[in-house]
Structure formats: structure tokens, C-alpha cells
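Worksheet: one structure, shown below.
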Amino acid sequence: MTGDREQQSENRANRNRNIILVGMMATGKSTVGAMLAEELGYELVDLDHVIIESEGRSIAEIFASEGEAYFRKLESAALLRMLEGEGRIISTGGGAVLVPGNAEIMLAHGLVVALTATEEAILARVSGDQNRPLLAGNAQERIRTIMEQRREAYRFAHCTVDTSELSAAEVSQHILMHYRG
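For any residue, its number in the working numbering is found by taking its place in the sequence shown, counting from 1, and adding 524.
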């Protein structure tokens, strides 16, 4: 009985907490985030869009003129601002977890869900997308390299969902089951 009460108390505490989506590019963070926001009546925050609005230029332009380190600083600042409230679905950029301290901040402010996918699924989803500065050149090789570099980066999340063969609706339902307990 005590365990049930503790679980119920934790479930009540989760209500209105943020859900923070992390993972590689093209794992479904934006699409799933929109579904979760609609289902829960939460605000959807896409960190890339927050940065684009505040900077007045695209992510590709920021990478080209200022570099990845500058972009990561912008991303961390936007993350901190967006985690100040509750009742948000926050879709992070794939590299947001690379900045020291970001993982701990995310864990303290909501349910962190890592979305994963196979290299093949990611490649199929990004083929033809010119707005991915980290994929300049051989996209398949870049995806493989990034996946290898970030192999451990998403393991801090409260839960992980492989999106390779699931629809966005199925992924959303998995997350909601975990969130609602």
C-alpha cells in the first residue's frame, strides 16, 4: 500500500511538470512534442524556434557565421529560460545535452524522455533536408559519426523510446503512459 500511495503522490507531483524531449535529430522530437502539447493542453516550446526568433536568423546561418560553440551557448540560455515555467513540452536540439550541466537542469525541471532511432530511420527522415548544418557533406557518414559521439549522451533521461518503427501517435502514447504513471 505504501508503494501505491508513493506512486500516486509522485503522479500528482508530475502533473503540470514539463516534459523535455531529447535525442538525435530526426527522432521525432518536434512532431511528438506537438502531439503531447495538444493532448495535455501544455505550451509547446521548440528550442530551435526560440533561438531563431531571438537571433532573427536561421540555425544554419548561426552555425555558419558564429559556429557551433556559440549556438550551444544560445541553446543553453534558451533552455534555462523555458524551464522556468511549468506545463510545457520542450523539444530540445539534438546537441542540447552536450553542454555540461544541461542534463542536470533538465532532470530537475521535468520528465526527460530520450527519443532514439536507427541510423537508417534518421537518414530516411532527413534526406533532402537542407536545414541541417551538422549534416553538411556525406549525410550518412555524418549521422553515423554523430550517433557514435553521442552514444552515451542521452542515457540520463528518465525513459527512452525508440521511434524507428513507431508512429508519432504511438510514441506520444508511450510517453503519456510513463508521465501519468
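Positions of the beta carbon are idealized from the N, C-alpha and C atoms, including for glycine.
Since the model is a prediction, treat every value here as computed from it, not as a measurement.
- The alpha helix (DSSP H) runs of length 4 or more contained entirely in the segment 549 to 598 are, from start to end of the chain, 553 to 564, 571 to 579 and 583 to 590.
- Using a 10 angstroms sphere on the CB of Ala638, the tally of other CB atoms reaches 16 or more, which defines it as buried.
- In the three-state reduction of the DSSP assignment, Thr687 falls in the coil class.
- Under the DSSP assignment, Val637 falls in the beta strand (DSSP E) whose first and last residues are Gly634 to Thr640.
- Proximity to Ile646 across Glu689, His633 and Met606 peaks at Glu689, based on C-alpha coordinates.
- Annotated as distal: Ile667 and Thr616, with beta-carbon spacing of 8 Å or more.
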